[in-house]
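Peer 1:
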Amino acid sequence: MGDPIQVLRKRADFLAANRGLRNARPGFVLLTNPNGGLGKRYGVTVTKKIGNAVVRNRMKRRFRELLRDALPEEGLPDHDHVLIGREGGVERDFAAMRAELTAALTRARENKGDPPRRRRK
RNA sequence: CCAGGGGGCCGGGCAGCCGCGCCCUUCGUCAGGCUCAGGAUGAGCGGGCGGAGGUCGAGGAAAGUCCGGGCUCCACGAAACAAGGGUGGCGGGUAACGCCCGCCGGGUGGAGGGCUUCGGCCGUCCGCUCAGGGAAAGUGCCACAGAGAGUAUACCGCCGAUGGCCCCUAAAAGGCACAGGCAUGGGUGAAAGGGUGCGGUAAGAGCGCACCGGGGCUGCGGCAACGCAGCUCGCACGGCAAACCCCACCCGGAGCAAGACCGAAUAGGGGUCUCGCGCCCAUUCUAGGGCAGGGGUGUUUCGCCCCGAGAGGCCCGGGUUGGUUGCUUGAGCCUUGCGGCAACGCAAGGCCUAGAUGAAUGGCUGCCCUUGCGGGGACGUGGUCUUCGGAUACCGCCCGCGAGACAGAACCCGGCUUACAGGCCCCCUGGCUCC
RNA sequence: GGGCGUAUAGCUCAGUGGUAGAGCACCGUGUUGACAUCGCGGGGGUCGCAAGUUCAAUCCUUGCUACGCCCA
Numbered sequence: 024m025g026d027p028i029q030v031l032r033k034r035a036d037f038l039a040a041n042r043g044l045r046n047a048r049p050g051f052v053l054l055t056n057p058n059g060g061l062g063k064r065y066g067v068t069v070t071k072k073i074g075n076a077v078v079r080n081r082m083k084r085r086f087r088e089l090l091r092d093a094l095p096e097e098g099l100p101d102h103d104h105v106l107i108g109r110e111g112g113v114e115r116d117f118a119a120m121r122a123e124l125t126a127a128l129t130r131a132r133e134n135k136g137d138p139p140r141r142r143r144k
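Numbering (my numbering), first residue to last: 24 to 144.
(1) Identify whether Thr70 lies in helix, strand or coil by the three-state DSSP scheme.
(2) Between the alpha carbons of Asn60 and Gln29, how many angstroms are there, rounded?
(3) Could you please give the first and the last residue of the uninterrupted beta strand (DSSP E) stretch that includes Leu53?
(4) Between the alpha carbons of Gly74 and Gly108, how many angstroms are there, rounded?
(5) Give me the DSSP bridge partner(s) of Leu44.
(6) So does the segment 126–136 actually touch the segment 65–72, counting three or more Cβ pairs closer than 8 Å?
(7) Only counting the same chain, and skipping five residues up and downstream in sequence, which positions put a Cβ closer than 8 Å to that of Val113?
(8) Let me make sure I understand the geometry here. Which of Asn134, Leu124, Ala76 and Lys72 has the alpha-carbon closest to that of Val105?
(9) Please report how far the alpha carbon of Asp92 lies from the alpha carbon of Phe117, in whole angstroms.
(10) With DSSP as the reference, please indicate the residues paired to Val105 in a beta bridge.
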């Protein structure tokens, strides 16, 4: 087996990932950012605007399930992968989101995607 | 059976595959930490990572953060007072409460009863409800309307007995409404200074009387709130304290991001040791000026810029990212018995039931349950219709699709409040039907 | 997780137990050849929502909702 997949837990890591490539899909936004040889890592974040604690936690669980299935095969080596929850990420069909994650990861592998968002002052 | 009200309980079930968190057992591996014994080492304990197996793993509100505590830190000699805040019938329960239970009193609804001048009044039972101390301690407010709004008042009105005037020979009777009397009626208002009735009177009025309401005193009952009875007072005392206030009682402040411990890199602080620190002016020291010296630019002189006193080692304390701890056995839960109207208490036995920290319960699927929509066929000791062959928009049955709420522990308890699909149980009231 | 605050016209804010206001904005009108300025007039409000106290609530009390701030 390869290196275990680490989980991002520090605020600084999330801020760093925000400088990476963005790929938006109906249920989520995927950020990918090289982390300099630390292996595949992932993080999940959902803002308070999306809903109450039940909705946010459920969305994060589904995202982790998606990443657990996708990252070993399709993840980018030595990159941080961050999923940001969007509205509809709870109701959306799981298989559909799984396909969308594959598409987003493919685009990220080809180094395509929206430019990083500028930090607002 | 239906409707309304009150109270209590549950809040999808079973299974499969893949996953998550704590803990336990075990195996492997990696540093090699601590203790003991001690000749190359041994024994025990502990740590990180990975694998396997096993137990357990969100709520009735985990929510809002509105009250009350435990716990922790800070402050403080004790207590009292003051300030500020809170609570507010009485008694009980409790660790405590603004919570709970019981009782009292008020309001309100229903049932049936008594009296009645038919307007109402009285008492009984059953519910629902109340932030329910004090308004004769004081201050303040009561807009508009209205004559008058808190020491009451007199617009319309009533009367005009008595006095006056008119009529008249005079008196009586009558008239006028001048003096004056009245607070019943109209009207205004949220509220008009006890209510109803009778008497009384010129008209009236607690002016007198009866009943009701109210104040005071006494007695009895009750732990008390308060109730009952008697005597007495014609009634003096409108409302607002979720206005200031008074009275009684309670409260030190902050909160697990409390608090404790460990502590990387970098920067900075203090101490100490070693080495070093050109000359002159000036000087307590520092800072300053000049000359010499070194470096850079430049072919060189000159010129310009920089350096020109610190460097290294060790120790100490503070401290950020981060980590560990606090962290789950507690006013705990279940059962039974006893005491109590109840809240609750006591005793015995049994049980251990989440501990995450970018935050553990998820993903996919099958069956069942509840329910909605659509369809099917005529399967049914079910209904309905029937020409008795059958038909069928109902119910059951089968199939398909959909829905199953509010909502996620974050130090822990006791309450309150708020959100909530659906279901179950008990009690009360009313209606219909049957025995 | 914990501790606080605010909500009134389209915007920024006053306000107090009885009738809700100011400035800017908007509309009409006058002045001007026209516009700006200026003058006059006007419209616009469930006072965040819901209960309660009171004769009467934007105000007092309680409970919700939304928004914002602080504690690493």
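C-beta: ideal position from N, C-alpha, C; glycine also.
Peer 2: On the basis of the coordinates in this document:
(1) The count along the first sequence starts at 1 and reaches residue 70 at position 47. Coil.
(2) Locating residue 60 in the first sequence gives position 37, counting from the first residue. Locating residue 29 in the first sequence gives position 6, counting from the first residue. The question names Asn, yet the displayed sequence has Gly at residue 60. For Gly60 and Gln29, the distance between alpha carbons rounds to 12 Å.
(3) For the purposes of this step, residue 53 is taken as residue 30 along the first sequence, with counting starting at 1. Looking at the DSSP string, the run of the beta strand (DSSP E) that includes Leu53 is Phe51 to Pro57.
(4) In the first sequence, the residue the question calls residue 74 occupies position 51. In the first sequence, the residue the question calls residue 108 occupies position 85. Computed Cα separation, rounded: 10 Å.
(5) On the first sequence, position 21 is the one that residue 44 refers to. DSSP, once it has assigned bridges, lists Thr55 as partnering Leu44.
(6) No: fewer than three Cβ pairs fall under 8 Å.
(7) To locate residue 113, count along the first sequence from 1; it is residue 90. Counting only Cβ-Cβ distances below 8 Å, and skipping sequence neighbours, we find Gly74, Val78, Arg81, Met82 and Arg85.
(8) In the first sequence, residue 105 corresponds to position 82, counting from 1. The shortest Cα separation from Val105 among Asn134, Leu124, Ala76 and Lys72 belongs to Leu124.
(9) Your numbering for residue 92 matches position 69 in the first sequence. Your numbering for residue 117 matches position 94 in the first sequence. Going by the C-alpha atoms only, they are around 12 Å apart.
(10) In the first sequence, counting from the first residue as 1, residue 105 sits at position 82. According to DSSP, Val105 bridges with Leu54 and Gly66.
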